[in-house]
Amino acid sequence: MAVPWTAPRPRPLGAPVPRPIPWELLPLVVTVLLLAVPLPVPAAGGGGLGPADYASGVLVLCCLARVLRTRSRPLSRTAAVVVGAPAVAIALATVTAADPLAAVPGFVRYLQVFVLVPAAVVLLVRDARDFRAVTGALVVLALVQGAIGVHQYATGTGASYMGEDIRAVGTFGPTDVMGMATVVAYGLLASAALALRTPKGAPVPLRPAAAGAAVLLVVPLGLSFSRGAWIATAVAALAMLTLAGVRRALTVLAVAVAATVVLVGGFGVGSAMIGARLSSITQVTDAPDRSVTDRYTMWAAAESMWREHPLTGVGLKGFPDHRDSHATIGLSSGSDTAGAGQEFLRQPLLSPHNMYLLILSEQGLIGAVAFTGSWAALLVGGVRRLLVRRGALDCGLAAVALTLWQTVDFLYADIGGPSTVLTGVVFGLAARWALAPLGEPVRAAGRVPGPATGTGVRAGERARACTAPAPAPAPGPGSGTAG
0 MAVPWTAPRP RPLGAPVPRP IPWELLPLVV TVLLLAVPLP VPAAGGGGLG PADYASGVLV
60 LCCLARVLRT RSRPLSRTAA VVVGAPAVAI ALATVTAADP LAAVPGFVRY LQVFVLVPAA
120 VVLLVRDARD FRAVTGALVV LALVQGAIGV HQYATGTGAS YMGEDIRAVG TFGPTDVMGM
180 ATVVAYGLLA SAALALRTPK GAPVPLRPAA AGAAVLLVVP LGLSFSRGAW IATAVAALAM
240 LTLAGVRRAL TVLAVAVAAT VVLVGGFGVG SAMIGARLSS ITQVTDAPDR SVTDRYTMWA
300 AAESMWREHP LTGVGLKGFP DHRDSHATIG LSSGSDTAGA GQEFLRQPLL SPHNMYLLIL
360 SEQGLIGAVA FTGSWAALLV GGVRRLLVRR GALDCGLAAV ALTLWQTVDF LYADIGGPST
420 VLTGVVFGLA ARWALAPLGE PVRAAGRVPG PATGTGVRAG ERARACTAPA PAPAPGPGSG
480 TAG
């Protein structure tokens, strides 16, 4: 029987020594951690590229150099189809746009986030140690940004919210209010997955440290006042708890409820405003605020664009140019942003704040099918592999939870801002988990296929931390691992 991709186990005498984390993974970890660097104040409607975006370019180049050096097939057929399907839709939407030259920046951005960075993650993350190194970087980034966000709320130096500068936005500023919420949610889910399924042989303090990090990150997530991030986190966390087991789910839910009562009820951490924000979720049809009204109006405009161009949409970066001709008079001219060290700025509404409708309006049915099909394949494949209990379950829980969070959050948000590069990292981790073979034999000599790429590597190199040693064969002729 094939040996599963699993947590570290005691190494028997004569077994290959697990390899250290390779230097090729450094650009990936640096790409994540660079999002803790404060960015300059962007112009209205702008944003530009940040240090993490440039690091992701280095990441892709390093991955390409590794493929050329090893002269190996980079991806299996399944991985190439799932990861590469959006590239076809992106290219088609670019060449069919009214102004293909203006669509080129959108082509580059989509290719970076949904094709190149995920493919690089699949190729560079070779085992559970690498996977945990990346999710560990997500947790560190979340703790840093969360600490800054809590400080902003406590000192009144955050983004403007209901007339007060108290909204926690971290280093992302008021023009990217979803940035810190996204980062904190990623870190919360990654640390919770490690606490729920701590790998065997891990240091004893690892589980309580991971659980503590998850509880601490609830505070900045609440102080972000991001309803979409709250909903997505709740859905992903409940799914992760269910997959981890009923007993664990009940225990963690009890701890989470107790922590929430202490933090919000006992210390009064944003209790009044968080309560008002929660109640506004159920008032989107009765008495919606201006942000909800604008969002509904832009959703209707995106749907109208798709009806005029059902197959290929209006082209990448075409939503702002077609918005006014399809939106009703109720749409405001922009959203007001201020605070967190920035002056008042009127931010134009350049997208429908719904990733699915953005793709549908700009890329039509072809793009919608390519993207949603790719994401659905990653989610279904990840859940399937987790249900059969094959592999490092903490990695599987994190991959499925992060993918589910992203797909739910896309109902209320789209790509944009410095944190966008992390979307590519998340989909890469999901692909690495979902598309890896369910089991690989470890042979005494010769070559065995690589994890998800079809790349040949020596058996000694494959017996690392994420692969358990094969059971000893019974004596006698024909002995060996079961087929």
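For the sequence shown, position 231 (counting from the first letter as 1) is numbered 230 according to numbering that gives the first Met the number 0, and the numbering increases by one without interruption.
Glycine residues also receive a C-beta, built at the ideal position from the N, C-alpha and C atoms.
Because the structure is a prediction, the values reported are computed rather than measured.
Euclidean distance between Cα positions of residue i and residue j
| i | j | result |
| --- | --- | --- |
| Tyr-185 | Ser-71 | 32 Å |
| Val-82 | Arg-431 | 10 Å |
| Tyr-411 | Arg-345 | 21 Å |
| Val-447 | Phe-224 | Note that Val-447 scores a pLDDT of 37, beneath 50, so its modelled location is shaky and nothing firm can be said. |
| Gly-45 | Leu-386 | Model confidence at Gly-45 stands at a pLDDT of 49, short of 50, so the residue's coordinates are unreliable; what they give is reported in the following sentence. For Gly-45 and Leu-386, the distance between alpha carbons rounds to 43 Å. |
| Trp-229 | Thr-69 | 44 Å |
| Val-80 | Gln-405 | 20 Å |
| Gly-380 | Ile-328 | 44 Å |
| Asn-353 | Arg-246 | 36 Å |
| Thr-292 | Ser-350 | 14 Å |
| Val-139 | Thr-77 | 33 Å |
| Ala-376 | Val-87 | 17 Å |
| Val-31 | Ala-231 | 21 Å |
| Gly-211 | Leu-240 | 16 Å |
Cβ-based neighbour list, residue i, same chain, cut-off 6 Å, excluding 5 preceding and 5 following
| i | result |
| --- | --- |
| Ala-191 | Ala-213 |
| Ala-118 | Val-82 |
| Thr-95 | Thr-311 |
Residue i and residue j closer than 8 Å at C-beta
| i | j | result |
| --- | --- | --- |
| Ala-141 | Leu-187 | yes |
| Pro-26 | Val-57 | yes |
| Pro-85 | Tyr-109 | yes |
| Val-234 | Val-407 | yes |
| Ala-391 | Pro-202 | no |
| His-321 | Met-304 | yes |
| Asp-393 | Leu-193 | yes |
| Ala-54 | Leu-38 | no |
| Val-28 | Gly-427 | no |
Start-to-end residues for the beta strand (DSSP E) that takes in residue i
| i | result |
| --- | --- |
| Gln-346 | 341 to 346 |
| Ser-159 | 158 to 160 |
Start and end residues, alpha helix (DSSP H) containing residue i
| i | result |
| --- | --- |
| Asp-164 | Asp-164 -> not in any alpha helix (DSSP H); beta strand (DSSP E) instead, spanning 163 to 166. |
| Ala-398 | 392 to 408 |
| Leu-24 | Taken as a continuous stretch (DSSP letters only), Leu-24 belongs to no alpha helix (DSSP H), as it is neither H nor E. |
| Thr-311 | Where Thr-311 is concerned, there is no enclosing alpha helix (DSSP H), given that its DSSP letter is neither H nor E. |
| Arg-151 | Per the sequence presented here, residue 151 reads as Gln, with Arg not at that position. That run of the alpha helix (DSSP H) goes 127 to 154. |
| Val-94 | 76 to 94 |
| Ser-360 | 354 to 386 |
| Leu-240 | 226 to 243 |
| Asp-52 | 50 to 69 |
| Gly-105 | 99 to 110 |
| Thr-419 | 419 to 433 |
Contacting residues, own chain, Cβ-Cβ under 8 Å from residue i (five flanking each side not counted)
| i | result |
| --- | --- |
| Ser-290 | Ser-334 |
| Leu-24 | Leu-123, Val-124, Asp-129, Ala-132 and Val-133 |
| Leu-205 | Leu-193 and Thr-197 |
Neighbour flag for residue i against chain D, beta carbons, 8 Å
| i | result |
| --- | --- |
| Ile-165 | Any reference to chain D falls outside this structure, which holds one protein chain only. |
Same chain, Cβ closer than 7 Å to residue i, neighbours up to 5 away in sequence not counted
| i | result |
| --- | --- |
| Leu-242 | Leu-385, Leu-396 and Val-399 |
- Item | Touch test, the segment 159 to 179 against the segment 355 to 367, Cβ-Cβ under 8 Å, three pairs minimum | no
- Should the segment 162 to 170 be regarded as contacting the segment 178 to 198, the criterion being three or more beta carbon pairs within less than 8 Å? Judged by Cβ distances under 8 Å, the segment 162 to 170 makes contact with the segment 178 to 198, as three or more pairs qualify.
- Per the contact definition of three or more C-beta pairs closer than 8 Å, is the segment 413 to 432 in contact with the segment 105 to 114? The segment 105 to 114 vs the segment 413 to 432: in contact.
- Message: Does the contact criterion of 3 or more C-beta pairs under 8 Å hold for the segment 300 to 319 versus the segment 90 to 106?
- Response: yes
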